[in-house]
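Asks: First to last, the sequence lines map onto chains A and B. Quick note: to get my numbering, add 311 to the position in the first sequence (first position is 1). Quick note: to get my numbering, add 3 to the position in the second sequence (first position is 1).
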Amino acid sequence: ILNVEQSPQSLHVQEGDSTNFTCSFPSSNFYALHWYRWETAKSPEALFVMTLNGDEKKKGRISATLNTKEGYSYLYIKGSQPEDSATYLCALNRDDKIIFGKGTRLHILP
Amino acid sequence: DAGVTQSPTHLIKTRGQHVTLRCSPISGHKSVSWYQQVLGQGPQFIFQYYEKEERGRGNFPDRFSARQFPNYSSELNVNALLLGDSALYLCASSLGLAGVDTQYFGPGTRLTVL
């Protein structure tokens with residue numbers, strides 16, 4: 312069974328601070344990793360699709376890195392803003408299945 | 004352009020009944036995937052359909068079935084509903100296979116089984 316683990320489960324960050332969290336997965340047979348942001352009462356929104364070891368992607372204040380050999384990806388948020396409050400999900404493609412982690416719930420404190 | 008649409012928004016059923024959920028992908032997208040999401044968990048993969056063929060199936064019982072139509076819209080069917088089927092059902096579409104291409108999610112159908 313493929314397990315995609317995300318940590319921490321929940322995170323409180325002061326507005327203006329930077330933060331990061333982790334997605335871990337078995338490194339064998341890696342194909343692609345996705346990051347999503349899911350705000351309350353909205354649909355999950357795709358942030359990044361990453362396929363290559365060493366990949367780095369950036370979208371505004373959010374960036375992500377990928378290490379397929381050791382089986383992890385980091386998501387970074389620089390200068391957190393209230394609109395960053397959401398659940399951040401990662402998902403892995405394996406054997407024609409898309410496996411999601413449980414997510415990291417990010418709360419931005421004013 | 005319209006995003007992914009799902010119907011109905013909410014649904015209440017009783018145990019043993021059957022339910023059909025519908026999804027219309029973004030125009031031009033050929034893949035539709037279905038997910039079940041319960042509180043505290045990430046979305047659980049149910050099916051992916053690409054070009055009207057099943058391309059992936061999650062660990063769900065045979066009570067769950069789906070199909071994709073020539074216009075790429077999709078239906079998810081659940082028979083003999085159980086209380087544990089109560090969840091948010093999400094549909095996502097992508098240009099190509101969901102594992103590689105960006106997925107765009109619909110607003111979901113909230114199913115309550117009494």
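Backbone N, C-alpha and C define an ideal beta-carbon position, used for all residues, glycine too. Computed from a prediction, not measured in an experiment: that's the story for all the values here.
1. Check A:GLU394 in the structure and name its three-state DSSP category.
2. Looking at the C-beta of B:VAL103, does it have a partner C-beta in chain A at a distance below 8 Å?
3. For the beta strand (DSSP E) containing B:VAL81, list its first residue and its last residue.
4. Closest by CA to A:LYS406, which one among A:SER354, A:SER384, A:PHE341 and A:ILE373?
5. Can you grab the Cα-Cα spacing for the pair B:CYS26 / B:LEU91, in whole Å?
6. Is DSSP giving B:LEU98 helix, strand or coil here?
7. Within a Cβ cutoff of 7 Å, which residues of the same chain sit near A:TYR360, ignoring the five residues on either side of it in sequence?
8. Name the residues in the region 27-52 of chain B whose C-beta lies less than 9 Å from a C-beta of chain A; which are they?
9. According to DSSP, simplified to helix, strand and coil, what is B:GLY59?
10. Less than 8 Å between CB atoms is the rule here; does B:PRO64 satisfy it with respect to chain A?
11. With a threshold of 6 Å on Cβ separation, who are the neighbours of B:THR23 within its own chain once the five nearest residues in sequence on each side are excluded?
12. So B:LEU100 and B:SER34 are in contact, right, with Cβ under 8 Å, and what is the actual spacing, rounded?
13. If you measure from the beta carbon of A:ILE388 to each beta carbon in chain B, is any gap under 8 Å?
14. Can you pull the chain B residues whose beta carbon is under 7 Å from the beta carbon of A:ILE419, in chain order?
15. Can you pull the DSSP bridge partners for B:ILE15?
16. What residues in its chain sit with their C-beta under 6 Å from that of A:LYS389, if we drop five residues either side in the sequence?
17. Return the bridge partner residues of B:PHE108 from the DSSP annotation.
18. Examine chain A for any beta-carbon lying closer than 8 Å to the beta-carbon of B:PHE108, and answer yes or no.
19. Give the DSSP-derived three-state secondary structure of B:LEU86 in the structure shown.
20. Checking contacts by CB at 8 Å: is A:ASP407 closer than that to chain B?
21. Tell me, please, whether the CB atom of B:ARG25 is closer than 8 Å to any CB atom in chain A?
22. Could you check whether the Cβ of B:LEU19 sits closer than 8 Å to any Cβ belonging to chain A?
23. Tell me, please, whether the CB atom of A:GLY327 is closer than 8 Å to any CB atom in chain B?
Replies: Reading from the atomic positions:
1. helix
2. yes
3. 77-81
4. Sequence check: residue 406 of chain A is Asp here, not Lys. Closest option to A:ASP406, Cα to Cα, is A:PHE341.
5. 13 Å
6. coil
7. According to the sequence displayed, residue 360 of chain A carries Val and not Tyr. Counting only Cβ-Cβ distances below 7 Å, and skipping sequence neighbours, we find ALA343 and HIS345.
8. SER36, TYR38, GLN40, GLY43, GLN44, GLY45, PRO46, GLN47, PHE48 and GLN51
9. strand
10. no
11. GLU78 and ASN80
12. 6 Å
13. no
14. None at all; the shortest Cβ gap to chain B is about 21 Å.
15. B:THR115
16. SER329 and ARG372
17. B:ALA95
18. yes
19. helix
20. yes
21. no
22. For clarity, residue 19 of chain B is Gly in the given sequence; the question names Leu instead. No, no contact with chain A.
23. no
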